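In the numbering used here, the protein residues as written are 17 to 163.
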């Protein structure tokens, strides 16, 4: 084998390795992707059972129900539709009614969204970007005039 052939085989091997690594990375990231939906968007979306999604909106007033242990049930709404959510774990300190929230999880066989994480806004001026954009598009939420 000449020096040129050795050099080309090393370069070809390196490119093949990088291509395989890139392909595996994109495959792994595609498996972990979770899409964001508002409750009204779910009626038109085709969400497969077991598919991870992010559900965002406002915690509907009067729907927070404490269950056994650390299980909590509540509804997320965008004022047009609402989705029942169950969560087992410790809720964020700022979680309360009529506040912005993003939940991440899957739909159960009974149609209830089973969340494995709940994110709440951190002060009165902040709203998670996805939730704010969705609520602004529906004309429900507006930024404060002081900004």
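The beta carbon of each residue, even a glycine, is placed where N, CA and C say it ideally should be.
Predicted, not measured: the structure shown is a model, and the values here were computed from it.
Does DSSP put residue 105 in a helix, a strand or coil? coil
According to DSSP, is residue 71 part of a helix, a strand, or is it coil? strand
Looking at C-alpha atoms only, which residue of 53, 28, 36 is the closest neighbour of residue 72? 53
Output the boundary residues of the beta strand (DSSP E) element that contains residue 134. 129-136
I'd like to know whether the C-beta of residue 98 is nearer than 9 Å to at least one C-beta of chain D. No chain D appears in the structure shown, which is made up of a single protein chain.
Just to check my reading of the structure: residue 82 and residue 88 have Cβ atoms closer than 8 Å, yes? What is that Cβ distance to the nearest angstrom? 6 Å
DSSP bridge partner residues for residue 51 (one or two, in chain order): 69
Helix, strand or coil: how does DSSP classify residue 42 here? helix
For residue 27, three-class secondary structure by DSSP: helix
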